[in-house]
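With this note's numbering applied, the sequence shown covers 1 to 415. All C-beta atoms in this analysis are idealised placements derived from N, C-alpha and C, irrespective of residue type, glycine included. No experiment lies behind these values; they were computed from the predicted model shown. Report on one structure; see the data block that follows.
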Amino acid sequence: MKINKTLLTLSLLAASTFSQAGEVEVLHWWTAGGEAKSAAVLKEMIEEQGHTWKDFAVAGGGGESAMTVLKTRAVSGNPPSAAQIKGHDIQEWGGLGFLTSLDATAKQEKWDELLPEVVTKVMKWDGEYVAVPVNVHRVNWLWANPVVLEKSGVTVPTTLDEFFVAADKIKAAGFIPLAHGGQPWQDATVFEAVALDVLGSEDYNKAFVDLDMDVLSGDKMVEVFTKFKKMRDYIDSNSPGRDWNVATSMVINGEAAMQIMGDWAKGEFTAAGKVPGKDYICAPAPGTDGQFTFNIDSFAFFELSDEENQKAQQDLAKTILTKDFQEVFNLNKGSIPVRLDMDMSKFDQCALDSMATFKSSAESGDLVPSMAHGLATTSYAQGAIYDVVTNFFNEKDADPKEAAAKLAKAVKAAI
Ligand code: GAL
1 MKINKTLLTL SLLAASTFSQ AGEVEVLHWW TAGGEAKSAA VLKEMIEEQG
51 HTWKDFAVAG GGGESAMTVL KTRAVSGNPP SAAQIKGHDI QEWGGLGFLT
101 SLDATAKQEK WDELLPEVVT KVMKWDGEYV AVPVNVHRVN WLWANPVVLE
151 KSGVTVPTTL DEFFVAADKI KAAGFIPLAH GGQPWQDATV FEAVALDVLG
201 SEDYNKAFVD LDMDVLSGDK MVEVFTKFKK MRDYIDSNSP GRDWNVATSM
251 VINGEAAMQI MGDWAKGEFT AAGKVPGKDY ICAPAPGTDG QFTFNIDSFA
301 FFELSDEENQ KAQQDLAKTI LTKDFQEVFN LNKGSIPVRL DMDMSKFDQC
351 ALDSMATFKS SAESGDLVPS MAHGLATTSY AQGAIYDVVT NFFNEKDADP
401 KEAAAKLAKA VKAAI
């Protein structure tokens with residue numbers, strides 16, 4: 001009798017656990033070393049809750065390929081539970097009616113109190129949460145190999161002029177000054193770092209958030225293109241098509257001196273067992289000390305019909321903002337937690353600098369959204385900017401003045 005009762009209790013328990021277990025299919029583009037380790041943290045935490053994780057990884061830094069695949073899936077009526085969608089794209093998907101509300105979970109978990117407003121704004125569509133932020137990446141970073149700098153007789157450049165002087169010396173010493181992958185989003189990442197310095201935060205916002213035609217075509221933009229063009233002198237001829245993490249590995253193994261890239265690059269250094277301050281240096285991109293170009297990774301959640309999968313979906317959303325996940329994920333990813341109430345004792349100096357600058361730049365007006373990573377403007381305007389920037393960078397005799405005029409024209413046609 002007693003045994004039967006225990007058996008009954010056990011089977012009821014099993015049944016209830018089972019009935020709550022659903023599947024989450026998650027689309028992302030985190031396939032590089034540090035990225036994959038970070039994504040694995042989420043998978044593990046979801047499986048611990050009894051749910052099934054269906055990985056939908058589409059390789060390609062910056063996520064262009066992932067977005068193309070997502071569109072096909074969503075349009076055919078078979079969207080994943082969640083997809084890595086950022087910035088203005090969240091609004092675009094929300095407007096098309098694809099996304100589901102996370103407001104019940106958000107209220108229960110007090111997301112409004114945990115998150116900075118600059119973040120919550122992006123995650124809501126029509127006043128309700130439809131996406132959850134994972135992290136805050138700083139894009140305007142310079143990564144450097146201290147041994148290569150030393151062998152070349154230079155220190156970390158703090159302005160663009162210093163950068164060019166140092167780069168010449170590095171080249172003369174037989175190293176590649178700037179590790180770069182010739183892909184449109186990487187070109188745009190370097191371009192926006194140069195623009196942030198040359199334009200300053202206010203005009204950066206006018207150009208890439210307000211899409212102000214005068215700034216887009218103005219004299220300072222001509223200077224941005226002029227300095228951006230000079231960067232080409234310091235990149236090796238094998239750069240076309242190279243993935244960003246391959247460029248990072250060139251800095252790691254001492255083939256190249258520096259890379260201008262967001263702090264997902266730190267995820268690669270970490271995955272390779274490297275220590276900041278010792279094996280590599282993180283510094284603000286030249287001329288952008290105190291400024292912070294933000295890129296917030298987030299997952300948007302799609303409308304599903306299966307009830308168990310809906311429940312699993314809300315559990316996924318909830319898990320992402322727990323302190324446990326925020327800590328482990330961001331330690332691997334190179335970013336900082338999006339919650340501001342975290343214990344940061346396990347984070348390294350680069351992350352602490354990033355957090356301090358994130359806070360101080362929000363006060364000084366130097367916290368600006370990344371154009372290259374979809375936080376500043378619509379995908380249409382972003383695409384137009386990418387085209388002009390990449391064509392310019394790849395054209396031998398490109399004229400900076402013409403490029404600025406083209407930039408304004410292309411943006412105007414896209415909006
Ligand atoms: C960014 C994304 C980062 C990182 C990077 C390279 O757009 O926000 O998390 O994955 O692409 O893939």
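Counted within 10 angstroms of its Cβ, other Cβ atoms place residue i as buried (16 or more) or exposed
i: D366; result: buried
i: P133; result: buried
i: G97; result: exposed
i: P80; result: buried
i: V147; result: exposed
i: A195; result: buried
i: S305; result: exposed
i: T9; result: Low confidence applies here, because T9 scores a pLDDT of 49, under 50, leaving its location unreliable and the question unanswered by this model.
i: A303; result: Going by the sequence as given, residue 303 is Glu instead of Ala. Exposed.
i: E327; result: buried
i: G254; result: exposed
i: Q349; result: exposed
i: L352; result: exposed
i: K401; result: exposed
i: V75; result: exposed
i: T72; result: exposed
i: G95; result: exposed
i: S360; result: exposed
i: A39; result: buried
i: A416; result: Any property of residue 416 remains undetermined from this structure, which presents the chain solely from 1 to 415.
CB of residue i within 8 Å of CB of residue j, strictly
i: A414; j: Y380; result: yes
i: M221; j: W244; result: no
i: V388; j: L115; result: no
i: A59; j: L27; result: no
i: I320; j: V122; result: no
i: W141; j: P284; result: yes
i: S152; j: A257; result: yes
i: T288; j: D197; result: yes
i: N309; j: G34; result: no
i: T120; j: D112; result: yes
i: I170; j: V154; result: yes
i: K323; j: M342; result: yes
i: S440; j: G267; result: Past the edges of the chain, shown from 1 to 415, lies residue 440, and the structure says nothing about it.
i: I46; j: S298; result: no
i: W53; j: K37; result: no
i: A144; j: I235; result: no
i: A372; j: T189; result: yes
i: A83; j: K229; result: no
i: M250; j: A179; result: yes
i: F301; j: V130; result: yes
i: D377; j: F208; result: It should be pointed out that residue 377 corresponds to Thr in this sequence rather than to Asp. In contact: T377 and F208 (Cβ atoms closer than 8 Å).
i: E109; j: K278; result: no
7 Å Cβ shell around residue i - same chain, five flanking residues per side excluded
i: P157; result: F163, A166, P286
i: R232; result: F393
i: V411; result: L211, L216, A381, A384, I385
i: E128; result: S101, D103
i: H428; result: Residue numbering for the chain in the displayed model covers 1 to 415; residue 428 lies beyond these limits and cannot be assessed.
i: N330; result: N135, I336, P337
i: D203; result: V215, K220
i: F225; result: F392, P400, A403, A404
Other residues of its chain near residue i: CB distance less than 6 Å, five sequence neighbours each side excluded
i: T390; result: P184, D187
i: R138; result: D263, F292, S354
i: S217; result: A404, A405, A408
i: Q49; result: D315
i: V69; result: V58
i: R242; result: G181
i: E192; result: M371, A372
i: A106; result: Y129
i: G63; result: W29
Close-in-space but distant-in-sequence residues of the same chain around residue i (CB under 8 Å, 5 per side omitted)
i: F294; result: V118, V136, H137, R138, V139, F358, L367, V368, P369, S370, L375
i: A14; result: Here A14 scores only 48 on pLDDT, less than 50, and its place in the model is too uncertain to base an answer on.
i: V246; result: G181
i: L160; result: V194, D197, V198, K227, P286, G287
3 or more residues per run - each beta strand (DSSP E) lying fully within the stretch 222–284: You should have 256–260, 281–284.
Start-end ranges of the beta strand (DSSP E) lying completely within the stretch 158–189, minimum 3 residues: Scanning the stretch 158–189 from its first residue to its last, the whole beta strand (DSSP E) runs of 3-plus residues come out as 176–178.
Just to confirm the assignment: which complete beta strand (DSSP E) runs, minimum length 3, are found wholly within the stretch 115–144? Runs found: 131–133, 141–144.
Residue ranges of each beta strand (DSSP E) within the stretch 290–376, 3 or longer: With a minimum length of 3 residues, the continuous beta strand (DSSP E) runs that stay inside the stretch 290–376 are 292–295, 298–301, 367–369.
Enumerated in chain order, which unbroken segments of the alpha helix (DSSP H) with a length of 4 residues or greater are wholly contained in the stretch 374–403? For the stretch 374–403, whole alpha helix (DSSP H) runs of length 4 or above, ordered along the chain, are 379–394.
Could you pull out every unbroken alpha helix (DSSP H) segment of at least 4 residues lying fully inside the stretch 46–107, listed in chain order? Within the stretch 46–107, the complete alpha helix (DSSP H) runs of at least 4 residues are 64–75, 87–95.
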